[in-house]
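First up is the structure itself, then whatever we jot down about it.
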Amino acid sequence: KLPPIDGDFYDLSLKLTPQQRELQLKVRNFMEDEIRPIANEYWNKAEFPFEIIPKMAALNICGLTIEGYETPNESSVMEGIIAMEMARVDVSISTFFGVHSGLAMSSINICGSEAQKQEWLPKMARMEVIGAFGLTEPDVGSAVAGGMGTTCRREGDEWILNGQKKWIGNATFADVTVIWANDEETNRVKGFLVRKGNPGFKAEKIEGKMALRTVQNALITLTNCRVPESDRLQKCDSFKDTAKVLKVTRAAVAWQAVGCARGAYESALKYTKKREQFGKPIASFQLVQNHLVEMLANLTAMQTMCFRLSELQDEDLLTDEHASLAKVFCSLRTRDVVRSAREVMGGNGILLEYDVARFVADAEAIYSYEGTKEINTLIVGRAITGYGAFV
Ligand code: FAD
Numbered sequence: 064k065l066p067p068i069d070g071d072f073y074d075l076s077l078k079l080t081p082q083q084r085e086l087q088l089k090v091r092n093f094m095e096d097e098i099r100p101i102a103n104e105y106w107n108k109a110e111f112p113f114e115i116i117p118k119m120a121a122l123n124i125c126g127l128t129i130e131g132y133e134t135p136n137e138s139s140v141m142e143g144i145i146a147m148e149m150a151r152v153d154v155s156i157s158t159f160f161g162v163h164s165g166l167a168m169s170s171i172n173i174c175g176s177e178a179q180k181q182e183w184l185p186k187m188a189r190m191e192v193i194g195a196f197g198l199t200e201p202d203v204g205s206a207v208a209g210g211m212g213t214t215c216r217r218e219g220d221e222w223i224l225n226g227q228k229k230w231i232g233n234a235t236f237a238d239v240t241v242i243w244a245n246d247e248e249t250n251r252v253k254g255f256l257v258r259k260g261n262p263g264f265k266a267e268k269i270e271g272k273m274a275l276r277t278v279q280n281a282l283i284t285l286t287n288c289r290v291p292e293s294d295r296l297q298k299c300d301s302f303k304d305t306a307k308v309l310k311v312t313r314a315a316v317a318w319q320a321v322g323c324a325r326g327a328y329e330s331a332l333k334y335t336k337k338r339e340q341f342g343k344p345i346a347s348f349q350l351v352q353n354h355l356v357e358m359l360a361n362l363t364a365m366q367t368m369c370f371r372l373s374e375l376q377d378e379d380l381l382t383d384e385h386a387s388l389a390k391v392f393c394s395l396r397t398r399d400v401v402r403s404a405r406e407v408m409g410g411n412g413i414l415l416e417y418d419v420a421r422f423v424a425d426a427e428a429i430y431s432y433e434g435t436k437e438i439n440t441l442i443v444g445r446a447i448t449g450y451g452a453f454v
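Residue numbering for the sequence shown follows the UniProt record's numbering, starting at 64 and increasing by one per position.
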């Protein structure tokens with residue numbers, strides 16, 4: 064059994080093997096020892112702590128479910144647990160990791176040729192190169208499946224990319240950015256591996272964020288950006304292939320929401336046991352207990368839902384609507400949990416040093432990225448009614 068954890072009320076970690084529990088503990092220790100002491104400082108400065116990358120690499124958890132490229136070939140359940148453990152301490156670090164290990168590595172694993180996988184995945188597993196994933200655009204967010212503005216056209220052995228991408232995590236420093244673009248000739252989506260230093264690729268940091276401030280999100284401008292045919296993702300033929308990546312990463316984002324809620328709940332619980340008013344710990348008041356129990360109920364529902372979601376993934380039964388339902392439910396419930404956590408901490412709940420303020424802000428980003436609540440709702444709505452209601 065892992066050391067007592069307030070937020071795992073139904074002891075889900077007991078469903079893991081001893082080796083998996085050891086890995087969970089290793090990630091938790093890394094997050095507690097290396098990230099917690101610096102999380103608020105970097106969030107406040109809106110800077111990324113590059114010094115943590117070698118220590119994170121030593122955990123050997125990148126591309127966790129991928130087999131054969133110096134990657135662990137672990138279960139999807141474990142991938143979810145790791146996303147949760149990271150977000151429990153710092154959602155920004157969990158997002159940095161999710162973009163690199165989830166979005167970027169999965170794009171190459173699902174849509175890349177054998178040669179592309181051999182070239183990139185081992186280096187990415189060792190975190191010697193860091194990845195980014197460029198899908199969203201300034202003018203096309205939720206509607207990316209319906210067509211994006213970024214274009215590609217072939218000229219001999221090269222492709223010419225033009226357009227802009229917005230919100231792209233890690234892209235200010237990434238060694239490789241996956242760029243999705245519409246083929247001018249066929250109007251079908253293609254994916255490209257754009258290498259750092261490409262003169263047609265410019266990434267500017269987006270300033271002034273009120274959430275996930277440690278994550279370096281970029282506005283990318285592609286101006287006649289030349290990419291060799293050998294760097295086109297060879298197994299991507301349409302947006303359906305891009306969606307295969309999103310299905311997997313959306314499940315991980317649902318787990319991130321669990322981590323965010325869990326971090327806030329655990330901080331709040333600890334606080335209410337220490338903080339005294341009217342001569343008693345505030346945890347002894349009925350109305351405060353009501354908040355705590357509601358938080359725990361939401362958290363436990365989210366955790367058990369995500370656990371089954373990842374089991375479905377491991378059983379190769381995961382559908383888009385399975386992932387979307389969990390993303391909708393967990394990002395909604397997380398908002399409730401972090402708000403209650405802030406409430407039971409009174410004024411201190413808005414101070415960064417008590418952590419919960421950061422979770423409140425970061426829950427807003429989880430709510431909107433990897434498909435907003437509305438878009439994921441419409442994906443499930445279409446699946447259960449047979450009516451697409453997007454337009
Ligand atoms: P819009 O699409 O403009 O939506 C605005 C509102 O309209 C939303 O409430 C939406 O739900 C609603 N809406 C839109 N269409 C409908 C409809 N048909 N019916 C009902 N309501 C609708 N993208 C990447 O490609 N890579 C990244 O690394 C990345 N990282 C991100 C990090 C952060 C912190 C954030 C905030 C975003 C990131 N994104 C990234 C982009 C993210 O996926 C988009 O923000 C998201 O898909 C929503 O797009 P949008 O912001 O353009 O909102």
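Heads up, the beta-carbon is just placed ideally off N, CA and C, and yes, glycines get one too. Bear in mind the structure is a predicted one, so any value in this text is a computation, not a measurement.
Nearest-angstrom Cα distance between R402 and G449? 35 Å
Give a yes or no on whether the C-beta atoms belonging to C323 and V154 are separated by under 8 Å. yes
Report the three-state DSSP secondary structure of V192 (helix, strand or coil). coil
Is it buried or exposed, S330, if we count other Cβ atoms within 10 angstroms and call 16 or more buried? buried
Where does Q179 land, buried or exposed, given buried means 16+ other C-beta within 10 angstroms? buried
Cβ-based neighbour list, residue 461, same chain, cut-off 6 Å, excluding 5 preceding and 5 following: An answer regarding residue 461 cannot be provided, because it is not within the stretch 64 to 454 covered by the chain.
For M119, is the classification buried or exposed, using 16 other Cβ atoms within 10 angstroms of its Cβ as the cut-off for buried? buried
What does the alpha-carbon distance come out to for the pair R371 and D377? 10 Å
Cα-Cα separation, Y430 to L414: 22 Å
Which of helix, strand or coil DSSP assigns to F159: helix
Among the candidates K336, N353, A314, K265, whose CA atom is the shortest distance from the CA of D238? K265
Does at least one heavy atom of the ligand FAD sit under 7 Å from the Cβ of I171? no
Looking at P344: is its Cβ nearer than 8 Å to the Cβ of K336? yes
Let me check one thing: in DSSP terms, what residues is R258 bridge-paired to? V239
Enumerate in chain order the residues of its own chain whose CB-to-CB distance from M211 is below 6 Å, with the five nearest sequence positions on each side excluded. E200, V203, N245
Would you kindly report the start and end of the unbroken beta strand (DSSP E) that includes G232? 221–232
Helix, strand or coil, according to DSSP, for V308 in the structure here? helix
Is there contact here, the region 247–260 with the region 288–304, by at least three beta-carbon pairs under 8 Å? yes
For E182, is the beta carbon positioned less than 7 Å from some heavy atom of the ligand FAD? no
So, does the region 116–132 touch the region 170–189, judging by three or more C-beta pairs under 8 Å? yes
T435 to N107 span [Cα, whole Å]: 25 Å
The region 275–288 / the region 225–239 touching (three or more Cβ pairs under 8 Å): yes
Output needed for S139: all residues of its chain with C-beta closer than 6 Å, excluding positions within five of it in sequence on either side, in chain order. T128, S373, Q376, D377
Which residues share a DSSP beta bridge with D246? C215
Does the beta-carbon of A428, which I'm using as the reference point, lie nearer than 7 Å to any heavy atom of the ligand FAD? yes
What does the alpha-carbon distance come out to for the pair R216 and R251? 11 Å
What are the start and end residues of the beta strand (DSSP E) that includes N287? 280–291
Apart from the five residues on each side of it in sequence, which residues of its chain come closer than 8 Å, Cβ to Cβ, to G451? L441, R445
Looking at chain D, is there any beta carbon in it that lies within less than 8 Å of the beta carbon of E200? The chain inventory of the structure shown lacks chain D, comprising one protein chain alone.
Quick one: any contact between the region 340–358 and the region 90–107, if contact means 3 or more CB pairs under 8 Å? no
Check whether the Cβ atoms of E433 and T312 lie closer than 8 Å to each other. yes
Select from G70, L198, F113 the residue whose C-alpha is nearest the C-alpha of E191. F113
Answer yes or no: do M408 and V400 have a C-beta to C-beta separation smaller than 8 Å? no
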